[in-house]
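A.B. asks: Please read through the structure below; I'll follow up with questions.
Protein chains: 2
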Amino acid sequence: MENPFVRKLERHVRLAPEDRATLVGLARQNIRHVAGRQDIEGPHSDPYHTHLILDGWACRYKQFPDGRRAIVALLLPGDLCDPFAFRRARMDHAIGALTPVTVARITPEQIADAVRGRPAIEEGLWRETLATTAIHREWIASVGRRSAIERLAHLFCELHLRLTWAGLADGTSLPMPVTQPDLADALGQTSVHINRTLKELRSSGLVVLRSRRLTIRDLDGLRERGLFDPAYLLPA
Amino acid sequence: MENPFVRKLERHVRLAPEDRATLVGLARQNIRHVAGRQDIEGPHSDPYHTHLILDGWACRYKQFPDGRRAIVALLLPGDLCDPFAFRRARMDHAIGALTPVTVARITPEQIADAVRGRPAIEEGLWRETLATTAIHREWIASVGRRSAIERLAHLFCELHLRLTWAGLADGTSLPMPVTQPDLADALGQTSVHINRTLKELRSSGLVVLRSRRLTIRDLDGLRERGLFDPAYLLPA
DNA sequence: TGGGTAAACTAACACAGGTTGGCGCGCGGT
DNA sequence: ACCGCGCGCCAACCTGTGTTAGTTTACCCA
């Protein structure tokens, strides 16, 4: 069973065995467990470490004074939060655990060491960063111009691919350990409407979501419903 | 009258005179003019050059098969599109001119040359890139959780600061050379509703938008209305 | 095995924002 | 000076999604 982090980087670059060993080393030190619903990094903190998600799901979110919450990114196992973030000090948002989460805390020095003399790793981290930006752009388009059902279908398609590449999906069935209010905050809707939309996706025979697991019944249909084009996720 | 590009980088790092000269040099070669409503970079192109906006406004946008358009970023004078994008080949979106635009086309080699031996420039480009990501996150939060009037107020506040830092705002009055349908596509609404919202902002005495120029009548009020916290735009 | 609790689910109603269609101004071109 | 047309603007109507207020289900712990 291979490391999701290594698997994901290998989509972008060819890694030598020593590259792989270096990466696995990063993922073994400084392990920390965070309970579900707890912050991994507070909203105004001054982060020093980068976090590598080893297990569980987390999110970046912004919270408004009146309590409204916007989830601006989902962080899955193998995702690295801001490998180069040490260049910017103050957090303008927070990182929270959606489920119980295991992370490795990595220092800027460790990253610098891992990158030094290992161009493949640097290139891989770079491409991951660019892919993350592409996901941000797609989310803006989604929340701005997709309907409720398109948005949900699109998100499911994205997560299907991301989890597949991390080695965490079982063909067409994937873990989905988040609540409906979480999905609502990620898609800019209410949990009530997420529920309605889920029902519609189910009754159209596209997906089934049960006991924290999503099963895609009709992948092509789902992609069509969500106007999903995987181009934005693909490596160059 | 100083270069907006140089001004913006100087918000992040201290530049030596030779740094400045290098940057000004980048902005002088390979000038290209693009008419309004034309693409600077097509939706599936394989870009080689980075574009530095010298004059006019542009945007990144995604277009759906049925014609819906989502503007996912606004590019103002002094903005550099993807300084490091040469690492990723295929465009998953397009870059279009909203007004007539003047750009400098910059090759990866030129960027590498400018960065070599000039750590301040590299650091500055980095921070600009991180700031861009922060803007993306804020837009996701905006479209996801802000109401129509909050969204528009927030965008105006953001543009006010960005243009001020580029040296293009006149105190509390700024150029706003985009149409209402453009604003609608940027904020995930319809132009009709943008118009309604604009009227509301006007009648509350917050802003006036006339002949492509926005005048902010009550900056504090506008920021409050848009739940605007400039933290996400600030350098570390 | 039951009781507490968080999440899933639903129905009824409310409203923000979308849709359609139309009017008129202002500006660029001839 | 006139024409054309994109854009700003507006009104009436419509609908997708939000709101409120539950009931039901599933699961954890005593």
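For the protein sequence lines, the chains are A and B, in the order given.
Heads up: the first sequence begins at 70 in this note's numbering, then just goes up one per residue.
Heads up: the second sequence begins at 70 in this note's numbering, then just goes up one per residue.
Idealized CB from N, CA, C, for every residue including glycine.
1) Determine the DSSP secondary structure at R76 (chain B), reduced to helix, strand or coil.
2) According to DSSP, what are the bridge partners of T198 (chain B)?
3) Between the stretch 224-244 of chain A and the stretch 98-114 of chain A, can you find at least three pairs of beta-carbon atoms closer than 8 Å?
4) Report the residue from A:P246, A:D298, A:E192 whose alpha carbon sits nearest the alpha carbon of R279 (chain A).
5) Please report the distance separating the alpha-carbon of G165 (chain A) from that of R89 (chain A).
6) By the DSSP assignment, the alpha helix (DSSP H) with H223 (chain B) in it spans what residues?
7) On the DSSP bridge list, what partners appear for K131 (chain A)?
8) Sorted by chain position, which residues of the same chain lie with C-beta nearer than 7 Å to C150 (chain B)'s C-beta, five sequence neighbours on each side aside?
9) Which residues, in chain order, does the stretch 186-210 of chain A contribute to contact with chain B at a C-beta distance below 9 Å?
10) Could you tell me which uninterrupted alpha helix (DSSP H) segments, each at least 4 residues in length, are contained entirely in the stretch 252-299 of chain B, listed from first to last along the chain?
11) DSSP three-state label for D88 (chain A), please.
12) Quick one: is H102 (chain A) buried, meaning 16 or more other Cβ sit within 10 Å of its Cβ, or exposed?
13) Return no unless some Cβ of chain A is closer than 8 Å to the Cβ of G213 (chain B).
14) Note down the Cα distance separating L199 (chain B) from D135 (chain B), rounded to an integer number of angstroms.
15) Just to confirm my understanding: we take P304 (chain B), look at its own chain, exclude 5 residues before and 5 after, and list those with CB closer than 8 Å. What are they?
16) Going by DSSP, what residues sit across from I109 (chain B) in a beta bridge?
17) Quick check on P177 (chain A): does DSSP put it in helix, strand or coil?
18) Can you find the residues in the same chain that come closer than 8 Å, C-beta to C-beta, to F297 (chain B), ignoring five residues on each side of it along the sequence?
19) I'd like to know whether the C-beta atoms of I140 (chain B) and D254 (chain B) end up nearer to each other than 8 Å.
20) Which residues in chain B sit within 7 Å of Y301 (chain A), going by Cβ to Cβ distance?
21) Going by alpha carbons, who is nearest to T171 (chain A) out of A:M160, A:P116, A:I180, A:P146?
22) Could you compute how far the alpha carbon of R214 (chain B) sits from the alpha carbon of R215 (chain A)?
23) For the stretch 126-137 of chain B, enumerate the residues whose C-beta is nearer than 8 Å to any C-beta of chain A, in chain order.
24) Does the beta-carbon of D289 (chain B) have 16 or more other beta-carbons within 10 angstroms, so that it is buried, or is it exposed?
25) According to DSSP, which residues form a beta bridge with A101 (chain A)?
26) Quick one: using the 10 Å Cβ neighbour count with 16 as the cut-off for buried, is Q258 (chain B) buried or exposed?
C.D. replies: Put simply:
1) helix
2) According to DSSP, T198 (chain B) bridges with nothing at all.
3) no
4) A:P246
5) 28 Å
6) 217-234
7) A:A139
8) T119, H120, L144, I164
9) E192, W195, R196, T198, L199, A200, T201, T202, A203, H205, R206, E207, W208, I209, A210
10) 260-272, 288-294
11) helix
12) exposed
13) yes
14) 33 Å
15) R80, H81, R196, A200
16) Partner(s): none; I109 (chain B) has no beta bridge.
17) helix
18) A222, H223, C226, E227, L291
19) yes
20) D161
21) A:P146
22) 15 Å
23) R129, K131, F133, P134, R137
24) exposed
25) With the sequence shown as reference, residue 101 (chain A) is identified as Arg, and Ala is not the correct amino acid for it. BP columns for R101 (chain A) point to A:V172.
26) buried
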